[in-house]
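Protein chains in written order, with the numbering used here: chain A, 1 to 113; chain B, 114 to 226. Note that the Cβ used here is the ideal one computed from N, Cα and C, for glycine as well.
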Amino acid sequence: ETGVTQSPTHLIKTRGQQVTLRCSSQSGHNTVSWYQQALGQGPQFIFQYYREEENGRGNFPPRFSGLQFPNYSSELNVNALELDDSALYLCASSLGTSGYEQYFGPGTRLTVT
Amino acid sequence: EDQVTQSPEALRLQEGESSSLNCSYTVSGLRGLFWYRQDPGKGPEFLFTLYSAGEEKEKERLKATLTKKESFLHITAPKPEDSATYLCAVQAHSSGSARQLTFGSGTQLTVLP
Numbered sequence: 001e002t003g004v005t006q007s008p009t010h011l012i013k014t015r016g017q018q019v020t021l022r023c024s025s026q027s028g029h030n031t032v033s034w035y036q037q038a039l040g041q042g043p044q045f046i047f048q049y050y051r052e053e054e055n056g057r058g059n060f061p062p063r064f065s066g067l068q069f070p071n072y073s074s075e076l077n078v079n080a081l082e083l084d085d086s087a088l089y090l091c092a093s094s095l096g097t098s099g100y101e102q103y104f105g106p107g108t109r110l111t112v113t
Numbered sequence: 114e115d116q117v118t119q120s121p122e123a124l125r126l127q128e129g130e131s132s133s134l135n136c137s138y139t140v141s142g143l144r145g146l147f148w149y150r151q152d153p154g155k156g157p158e159f160l161f162t163l164y165s166a167g168e169e170k171e172k173e174r175l176k177a178t179l180t181k182k183e184s185f186l187h188i189t190a191p192k193p194e195d196s197a198t199y200l201c202a203v204q205a206h207s208s209g210s211a212r213q214l215t216f217g218s219g220t221q222l223t224v225l226p
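Printed below as a string of structure tokens:
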């Protein structure tokens, strides 16, 4: 069984730039959720994708957007990067919207300078 | 608004010294309460799901319990490899079809040899 994978591991961007983060879900899982984790804090929910559609969104501005592909992999796009966007971005997969357990990937560390 | 508060923020134990971590929650209809372990720079690792008051689950030296207002993670005879941040999260009925998790800030556990 393949676990959740994310790429890249680390990324450094300049304020105002755009970034794309990628996630491959665990084998057999069709739902992907994205979280942002600031240093010393718990993860905060950004949005969830199910069957290639957004299925719920947290308190994040529209410059945070995403996609899910037919193979259930997903992308998180952030436009007009701000310094406060520096964080660990986590992807979690689950088995449908009725699957309660979410399994997390290793994360992408984004630094905005 | 769903809220999760974890205490203490940090805990240092001697190897073999048992203790408990607390997770207090406020949620409009609990669907599930989750415990995760997170090592520095890594994604959270799933430990337990609890669904109803009175439920208990065990895994090696860890035991999780749930009441209507809080959950405890009991650590019996901890070892240095148990050192990590332990995160508690809730999933609410109010989240609708998006099964997002609301996390606490975590308890950073250090077990000294």
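| Check | Outcome |
| --- | --- |
| Which residues bound the beta strand (DSSP E) around residue 143 of chain B? | 143-151 |
| Output the boundary residues of the beta strand (DSSP E) element that contains residue 122 of chain B. | Unbroken run through residue 122 of chain B: none, as it is neither H nor E. |
| Could you check which residue in A:48, A:56, A:80 has the C-alpha nearest to that of residue 63 of chain A? | A:80 |
| Give the DSSP-derived three-state secondary structure of residue 144 of chain A in the structure shown. | This structure leaves residue 144 of chain A out entirely; chain A is present only between 1 and 113. |
| Can you list the residues of chain A that residue 155 of chain B reaches, using a CB-CB cut of under 8 Å? | 106, 107 |
| Is there a Cβ of chain A sitting closer than 7 Å to that of residue 218 of chain B, yes or no? | yes |
| Strictly under 7 Å for the Cβ-Cβ distance: is residue 70 of chain A near chain B by that measure? | no |
| Measuring CA to CA, which of B:120, B:114, B:116, B:154 is closest to residue 222 of chain B? | B:120 |
| Suppose the cutoff is 7 Å on Cβ atoms and the five residues either side in sequence are ignored; what does the same chain contact list for residue 16 of chain A look like? | 80, 81 |
| Select from B:142, B:144, B:127, B:159 the residue whose C-alpha is nearest the C-alpha of residue 150 of chain B. | B:159 |
| Using only CA atoms, which one of A:11, A:74, A:24 lies nearest to residue 47 of chain A? | A:74 |
| Quick check: residue 186 of chain B and residue 134 of chain B, are their CB atoms within less than 7 Å of each other? | yes |
| How many Å lie between residue 59 of chain A and residue 192 of chain B at the Cα? | 39 Å |
| Quick check: the Cα distance between residue 61 of chain A and residue 122 of chain B, rounded to an integer number of angstroms? | 29 Å |
| Going by the beta-carbon positions, is the gap between residue 110 of chain A and residue 39 of chain A smaller than 7 Å? | no |
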